[in-house]
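Below you'll find the structure, written out as structure tokens, and then a few comments.
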Amino acid sequence: MVAKKKSHRSNTKKNILVIAGEHSGDLIGADLLLELKMIEPEFHFYGVGGEGMIQNGLESLEEMENLSVIGFSEAIKKYSFLKKVFHRLLEETSHRPTQLAVLIDYPGFNLRLAEELKKRGIPTVFYVSPQIWAWKFKRIYFIKEHIALMLTLFRFEEEIYHEYGVNAKFVGHPITKRIPEKLKKEPNIPEKLPDPHHGYTVGLLPGSRKGEIHRLIDPILGTAVLLHEQCKLEKKKIVFLVPNINQKEETFLLQKIEAIKLSHPDIQIHYLWNSSLRVMEASDLLLIASGTATLEGLYFETPMVILYKVSLFTYFLGSLLIKSKFIGLANILCGEEVCREITQNECRPEYIVKEAWKILSNTKLRNKIKGILREAKERELGTMNASKKAAKEIQNLIKLLPAD
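Quick note: to get this note's numbering, add 5 to the position in the sequence shown (first position is 1).
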């Protein structure tokens, strides 16, 4: 959905260019626009965004989905289209006085746009820092030159920018507000879970994308079988929960689970649709695919074994480009491998079960891990409304801009 183009643009409006190129950016942008409107009702937002941003006042000049790019080959195919959108946005700034640009994530496109906007005298706020700590660190010099204000989701990012003289403000991560809201909508787990003193609940989260699900479900379920056998020896109860948000993979997952149940009739594995947060909240341990989900696991302070298995080419390429010591976001925020990371060929039941059982069987270790995760959560994610703070920082920047 693209907002209808207005035939008359009031000069009393304060035009702000806002760009989000992906769904995650639209979620952040929608909350931000709502907060900015409360600060200044006269703001007029135009640019590119999705349904959430449009509903909160954005005049979107292009379908956001058309900007979404997955992989290098798709980027090449869409290059000329993205170039047209790029120049159209710059052209728009020539036709309407623009006080400020707010560029949300989508760094490949938005950083180049920031460079051109600066040439036109339009200051830029960049919301959601590129992961310079993982790769392309030299971008920090470009950011220092072209970005008026960097708004970071994590506190350690602000600290990195300050070391290099970049004007950056830590505003907190949107999940601190979003998770409690989403949790209310997720169904309660209907299965009876074991008493914490006499058993364990383990969340099995193989990811949401087809590739990671297909690579990780066998080692994860294989580990569940080994944990089940171990608990039988210890006379402990153990329940496994498998949440899923990918409808297309539901049949595949159910078939895999049923096959395990046929060979081990007494194993308790429960499939749950759209209940990943409930599972994270209820579990003593998560066997979890590396990705954003580990940040959610950190939010719930749940011990994790983080699994990462990709194609050999992807792994080789990543090892050359990615500079971070850790794969899981939870460990990156902790600054140490609090949650064991198991990758590639070691991602097999006989390796995973050792780490999983070490955590399950040791209450002191579990509590230690939970404590470290809690500290990282409070330090790195913030406890405030991130969008409200981001809007306030933007307001402060606007006050410093020269009057027209």
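By construction, the Cβ of each residue, glycine as well, lies at the ideal position given by its N, Cα and C atoms. These numbers come from a predicted model, not from an experiment.
- With fewer than three CB-CB distances shorter than 8 Å, the stretch 133-144 does not count as touching the stretch 345-353.
- In the three-state reduction of the DSSP assignment, Val207 falls in the strand class.
- Counting only the Cα atoms, Thr299 lies some 15 Å from Arg214.
- If you look at Phe48, you'll find it isn't in any alpha helix (DSSP H); it sits in the beta strand (DSSP E) that goes 48-54.
- Across the set Tyr166, Ile357, Asp200, Ile250, the C-alpha of Ile357 shows the shortest separation from the C-alpha of Asp223.
- In this structure, the straight-line span from the alpha carbon of Leu87 to that of Asp289 is close to 46 Å.
- Here the C-alpha atom of Val53 lies approximately 37 Å from the C-alpha atom of Asn193.
- Within the stretch 162-214, the complete alpha helix (DSSP H) segments at least 4 residues long are 180-190, listed from N- to C-terminus.
- Rounded to whole angstroms, Thr307 and Leu66 show a C-alpha spacing of 42 Å.
- In the three-state reduction of the DSSP assignment, Ser65 falls in the strand class.
- About 5 Å separates the CB atoms of His151 and Lys123; that is less than 8 Å, so the two are in contact.
- Under the Cβ criterion (8 Å, minimum of three pairs), the stretch 110-127 counts as touching the stretch 24-31.
- The stretch 390-400 and the stretch 166-181 touch, with no fewer than 3 CB-CB distances between them shorter than 8 Å.
- Here Cys339 is actually not in contact with Ile364; their C-beta atoms are around 15 Å apart, not less than 8 Å.
- Remark: C-beta atoms of Leu156 and Glu398 approach each other more closely than 9 Å.
- The three-state reading of DSSP puts Trp362 in helix, counting H, G and I together.
- Three or more Cβ pairs closer than 8 Å define a contact, and the stretch 200-218 falls short of that threshold against the stretch 158-167.
- Nearest to Pro211 by alpha-carbon distance, out of Lys187, Pro185, Thr297, is Thr297.
- Setting aside the 5 residues that flank it on each side, Arg371 is surrounded in the same chain by Asp289, Leu290, Pro308, Ile364, Leu365, each with a C-beta closer than 8 Å to its C-beta; the list follows chain order.
- Put simply, the backbone Cα of His167 is about 7 Å away from that of Ala173.
- The alpha-carbon separation between Asn279 and Arg384 amounts to approximately 29 Å.
- Straight-line spacing of the CA atoms in Tyr304 and Phe142 works out to 27 Å.
- Around the CB of Ile250, fewer than 16 other CB atoms lie within 10 Å, so the residue is classed as exposed.
- When DSSP assignments are scanned along the stretch 345-405, the uninterrupted stretches of alpha helix (DSSP H) that are 4 or more residues long and fall wholly within it turn out to be 354-365, 368-385, 391-405.
- For Glu301, same chain residues with a beta-carbon under 8 Å away, outside a window of 5 residues either side, are Ile180, Ile184, Ser281, Leu282, Met285 in chain order.
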